[in-house]
Amino acid sequence: MKTKEFKERVISMSDRLYPMVSRMLGNAANAEDAIQEIMIKLWERRRQIKNHPNLPAFIFLTARNYCLDVIKKKKPPEDQYDAKTQLLASEPEHDSYEWQELKRNIAEVLEGLPEQQKEVMIMRDLDGMEFIEIAELTKLRVDHIRVLLSRARQQVAKELQKTYSYGKGDI
């Protein structure tokens, strides 16, 4: 794979990797460094990946594995959704106490979900990944991913409804 082709096929994926890497590593600075390291790893393997049948999935999987390695080597961040919440919090309409409480409640509900449901919901709803990309990364069938996502969303809605209808008699 030549430099031009690598730029077109691999480096062009950097923007799509950023949300996942940022969420997994906890902040923007770590995410930018990680993406550079991931691109270096991919560059070193460019001859092997040139004819890969599904290069985008391979790139996402490489990025995910890199992030998991980094997380294993260091203490996990206190708030794994930090970059996402900082981005949302930077918007003026999201400075209110109610917004902060909602984000905290959603994070707590997500932590209580079964691991597969949580992972699928984060990939789809926070990272904006397509079902087929999630399937390739998790090795699950698309229909199973849809079921997991549906159950996760139902559980989040149910828990939030409990929290926000407290004292109203509605559950």
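Using full-length UniProt numbering, read the sequence shown as starting at 1 and increasing by one per residue.
By construction, the Cβ of each residue, glycine as well, lies at the ideal position given by its N, Cα and C atoms.
These figures come from a predicted structure and were not determined experimentally.
* Pairing CB atoms from the segment 16-25 with CB atoms from the segment 57-68, are three or more of them under 8 Å? -> yes
* Taking only the alpha-carbon atoms, compute the straight-line gap between LEU160 and PHE6 and give it to the nearest angstrom. => In the sequence shown, residue 160 corresponds to position 160, counting from 1. In the sequence shown, residue 6 corresponds to position 6, counting from 1. Near 45 Å, if we compare the C-alpha coordinates of PHE6 and LEU160.
* Asked: CB ILE49 to CB PHE58, shorter than 8 Å?
  -> Position 49 of the sequence shown, counted from the first residue, corresponds to residue 49. Position 58 of the sequence shown, counted from the first residue, corresponds to residue 58. Contact flag set, yes.
* The alpha helix (DSSP H) with LEU148 in it runs from where to where? -> Counting from 1 along the sequence shown, the entry for residue 148 is found at position 148. Here the alpha helix (DSSP H) through LEU148 covers 142-164.
* Taking THR163 as the reference, which of LYS2, ARG104, ILE132 and ARG146 has the closest Cα? -> What you label residue 163 is simply residue 163 of the sequence shown in a count that begins at 1. Nearest C-alpha to THR163: ARG104.
* Asked: Which whole-angstrom value describes the C-beta separation of ARG153 and MET121, a residue pair presumed to lie in contact below a C-beta threshold of 8 Å?
  -> The sequence position of residue 153 within the sequence shown is 153, counting from 1. The sequence position of residue 121 within the sequence shown is 121, counting from 1. About 7 Å separates the two Cβ atoms, so the contact holds.
* Which residues in the same chain have their Cβ closer than 6 Å to the Cβ of residue 198, if we skip the five residues on either side of it in sequence? -> Absent from the structure is residue 198, since the part of the chain shown begins at 1 and ends at 171.
* Per DSSP, what kind of secondary structure is residue 180 in: helix, strand or coil? -> Because the chain spans 1 through 171 in this model, residue 180 falls outside it and cannot be assessed.
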